[in-house]
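Report on one structure; see the data block that follows.
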């Protein structure tokens, strides 16, 4: 059967690193308050004029370098973001232009923090079907642009950044020993909008708006929803908490990550955690964490990796692959 494998990873963070102490000088908060509740110690904030597509382009270039292929060999770009450069055109098309690609298709996916899982699943369907040969899958955000900096319960949680992977199709044996994406599971439930949303949009009030969140409600739902799609991934593949090599969750909150791993009996030494350095970068968080662990040597070719995320909407999903 035809499968889709990841052949390169890349990421990019803005140069401006903002610590909890830096925030405490501007917002009524403290390093202790943020760290105890979230595990976050720092985040990166885009400079004035630095856009989501610029972050995405840099991450894409690094992923292409890691894959050892030219941008001209890409015929699909799927970019996950909740903070696009413009209402339209799609931010993916700006990355396409930045890379000098003039063929194929490029479009955005909007699933907030679950965006990368949704984008990877979407691109995998194109590649596995033969509709595309190689694709860039990108998660990129400038969440600092939609934060209410007077709301200390939300503005301390998020950061900006981008991560990307290059994927390609190949003929596989069709077993769980194959390299590549082995299963994906996506969910959405629009009844929960008011628990995590942005209070703006072209058809509502014509504003970009600010992020609004009911933190306790999100925490409560997150652990249960994440468990759902991970159990499905294990059932579909025969893998388990004990047989995967790495768990790379959405980097929203260290307490959510730890609680989810413990509920699923995934040892904490198999969990990749970067939230302390990046904050919650929404759709960028999984590819950022994945690239970090690939480049520092933890995740290597042949390792079985489980990723999952939950985002506003609510949306949630998982993917399990062998690198």
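Residue numbers (this note's numbering): 17 to 339.
Each residue gets a CB set at the ideal place from its N, CA and C atoms; glycine is no exception.
With burial defined as no fewer than 16 other Cβ atoms inside 10 Å of the residue's Cβ, what is the status of residue 266: buried or exposed? In the chain shown, counting from the first residue as 1, residue 266 sits at position 250. Taking a 10 Å sphere around the C-beta of residue 266, we find 16 or more other C-beta atoms and assign the residue as buried.
Cα separation between residue 58 and residue 187? Indexing the chain shown from 1 puts residue 58 at position 42. Indexing the chain shown from 1 puts residue 187 at position 171. Using only the alpha carbons, I get a separation of about 43 Å.
For residue 165, does the count of other Cβ atoms within 10 angstroms reach 16, so buried, or fall short, so exposed?
Position 149 of the chain shown, counting from 1, holds the residue named residue 165. Label assigned to residue 165: exposed.
Practice task
Return the CA-CA distance between residue 215 and residue 330, expressed in angstroms with no decimal places.
Solution key: Taking the chain shown and counting its residues from 1, one reaches residue 215 at position 199. Taking the chain shown and counting its residues from 1, one reaches residue 330 at position 314. C-alpha of residue 215 to C-alpha of residue 330: approximately 15 Å in a straight line.
> Which whole-angstrom value describes the C-beta separation of residue 137 and residue 39, a residue pair presumed to lie in contact below a C-beta threshold of 8 Å?
Replying inline: Locating residue 137 in the chain shown gives position 121, counting from the first residue. Locating residue 39 in the chain shown gives position 23, counting from the first residue. Taking a contact as a CB-CB distance under 8 Å, the pair residue 137 and residue 39 does not count as one, their CB atoms being some 35 Å apart.
- Message: Please report the distance separating the alpha-carbon of residue 65 from that of residue 301.
- Response: By 1-based counting over the chain shown, the position of residue 65 is 49. By 1-based counting over the chain shown, the position of residue 301 is 285. If I take the Cα positions, the gap works out to 22 Å.
Residue interval of the beta strand (DSSP E) (run including residue 60): Residue numbering aside, residue 60 sits at position 44 when the chain shown is read from its first letter. Counting along the chain, the beta strand (DSSP E) containing residue 60 begins and ends at 58–61.
Check: For the alpha helix (DSSP H) that residue 265 lies in, which residues bound it at each end?
Finding: Here residue 265 refers to the residue found at position 249 of the chain shown. Looking at the DSSP string, residue 265 is not in any alpha helix (DSSP H); the run it does join, the beta strand (DSSP E), is 262–265.
Exercise for the section: Sort 200, 30 and 318 by Cα distance to residue 75 and report the nearest one. Expected result: The count along the chain shown starts at 1 and reaches residue 75 at position 59. Residue 75 has its Cα closest to that of 30, out of 200, 30 and 318.
Give me the Cβ distance between residue 99 and residue 33, rounded to the nearest whole Å; I'm assuming they're in contact under 8 Å. Residue 99 sits at position 83 when you count from the first residue of the chain shown. Residue 33 sits at position 17 when you count from the first residue of the chain shown. A Cβ-Cβ separation of about 19 Å leaves residue 99 out of contact with residue 33 under the 8 Å criterion.
- Could you check the C-alpha separation between residue 284 and residue 143 for me, to the nearest Å? What you label residue 284 is simply residue 268 of the chain shown in a count that begins at 1. What you label residue 143 is simply residue 127 of the chain shown in a count that begins at 1. If you take the alpha carbons of residue 284 and residue 143, they lie about 33 Å apart.
Review point. If you draw a straight line from the C-alpha of residue 170 to the C-alpha of residue 311, how long is it?
Key: Counted from its first residue, the chain shown places residue 170 at position 154. Counted from its first residue, the chain shown places residue 311 at position 295. Rounded to whole angstroms, the separation of the alpha carbons of residue 311 and residue 170 is 30 Å.
Handout entry: Those residues which DSSP pairs with residue 229 across a bridge
Key = Here residue 229 refers to the residue found at position 213 of the chain shown. Answer by DSSP bridge pairing, in chain order: 212.
With distance defined between alpha-carbon atoms, name the residue in 176, 261, 327 and 335 nearest to residue 252. Against the chain shown, residue 252 aligns to sequence position 236. Comparing alpha carbon positions, the residue from 176, 261, 327 and 335 closest to residue 252 is 335.
Return the chain-ordered ranges of every beta strand (DSSP E) run that is complete within the region 296–335 and spans a minimum of 3 residues. The DSSP assignment places 320–327 as complete runs of the beta strand (DSSP E) inside the region 296–335, in order along the chain (cut-off: 3 residues).
Report task. Provide the residue span of the alpha helix (DSSP H) that contains residue 111, from first to last. Result -> Start at 1 with the first residue of the chain shown, and residue 111 comes out as number 95. Element bounds for residue 111: 107–114.
If you draw a straight line from the alpha carbon of residue 325 to that of residue 130, how long is it in whole angstroms?
Counting from one through the chain shown, the residue named residue 325 turns up at place 309. Counting from one through the chain shown, the residue named residue 130 turns up at place 114. Whole-angstrom Cα-Cα distance: 5 Å.
Does the beta-carbon distance from residue 90 to residue 41 come in below 8 Å? For this step, residue 90 is matched to residue 74 along the chain shown. For this step, residue 41 is matched to residue 25 along the chain shown. Not closer than 8 Å, so no.
>> Between the alpha carbons of residue 27 and residue 200, how many angstroms are there, rounded?
In response: Taking the chain shown and counting its residues from 1, the one referred to as residue 27 is at position 11. Taking the chain shown and counting its residues from 1, the one referred to as residue 200 is at position 184. Their backbone Cα atoms lie some 22 Å apart in a straight line.
- Go ahead and label residue 140 buried or exposed: buried means 16 or more other beta carbons lie within 10 angstroms of its beta carbon, across all protein chains shown. Within the chain shown, residue 140 is the residue found at index 124, counting from 1. Under a 10 Å Cβ-count criterion, residue 140 is classified as buried, with 16 or more other Cβ atoms of the shown protein chains found around its own Cβ.
Check: Are the Cβ atoms of residue 245 and residue 212 separated by less than 8 Å?
Finding: Position 229 of the chain shown, counted from the first residue, corresponds to residue 245. Position 196 of the chain shown, counted from the first residue, corresponds to residue 212. Residue 212 is positioned such that its CB atom lies no closer than 8 Å to that of residue 245.
**Report entry** Inter-residue spacing [alpha-carbon to alpha-carbon] between residue 229 and residue 107
**Finding:** In the chain shown, counting from the first residue as 1, residue 229 sits at position 213. In the chain shown, counting from the first residue as 1, residue 107 sits at position 91. CA-CA distance, residue 229 to residue 107, rounds to 25 Å.
Next on the checklist: Would residue 206 and residue 217 qualify as a contact pair, given that the criterion is a beta-carbon distance under 8 Å?
Outcome noted: Residue 206 sits at position 190 when you count from the first residue of the chain shown. Residue 217 sits at position 201 when you count from the first residue of the chain shown. No; because the gap between Cβ atoms is not below 8 Å, this pair is not in contact.
Would you check whether the ligand FMN has a heavy atom nearer than 7 Å to the C-beta of residue 53?
No copy of the ligand FMN occurs in the structure displayed, which carries no ligand at all.
TODO: Give the straight-line distance between the Cα atoms of residue 11 and residue 159, rounded to the nearest whole angstrom.
DONE: Outside the shown range of the chain (17 to 339) lies residue 11, about which nothing can therefore be said.
**Prompt:** For residue 173, does the three-state DSSP call read helix, strand or coil?
**Reply:** Taking the chain shown and counting its residues from 1, one reaches residue 173 at position 157. Three-state DSSP puts residue 173 in coil, outside helix and strand.
Name the two residues that bound the continuous alpha helix (DSSP H) containing residue 64. Taking the chain shown and counting its residues from 1, the one referred to as residue 64 is at position 48. Segment: none, residue 64 is in no alpha helix (DSSP H) and carries neither H nor E.
TODO: Determine the burial state of residue 119: buried for a count of at least 16 other Cβ atoms within 10 Å of its Cβ, exposed for fewer.
DONE: In the chain shown, residue 119 corresponds to position 103, counting from 1. Under this definition residue 119 is an exposed residue.
Residues of its chain near residue 134, where Cβ-Cβ distance is below 8 Å and the 5 sequence neighbours each way are ignored
Translated into positions along the chain shown, residue 134 becomes position 118. Listed in chain order, the non-local C-beta contacts of residue 134 below 8 Å within the same chain comprise 96, 125, 127, 202, 331 and 333, local neighbours out to five positions each way being set aside.
Worksheet item: Under 8 Å, do residue 239 and residue 305 count as touching if we go by C-beta distance?
Response: Residue numbering aside, residue 239 sits at position 223 when the chain shown is read from its first letter. Residue numbering aside, residue 305 sits at position 289 when the chain shown is read from its first letter. In this structure, residue 305 does not lie closer than 8 Å to residue 239 by Cβ.
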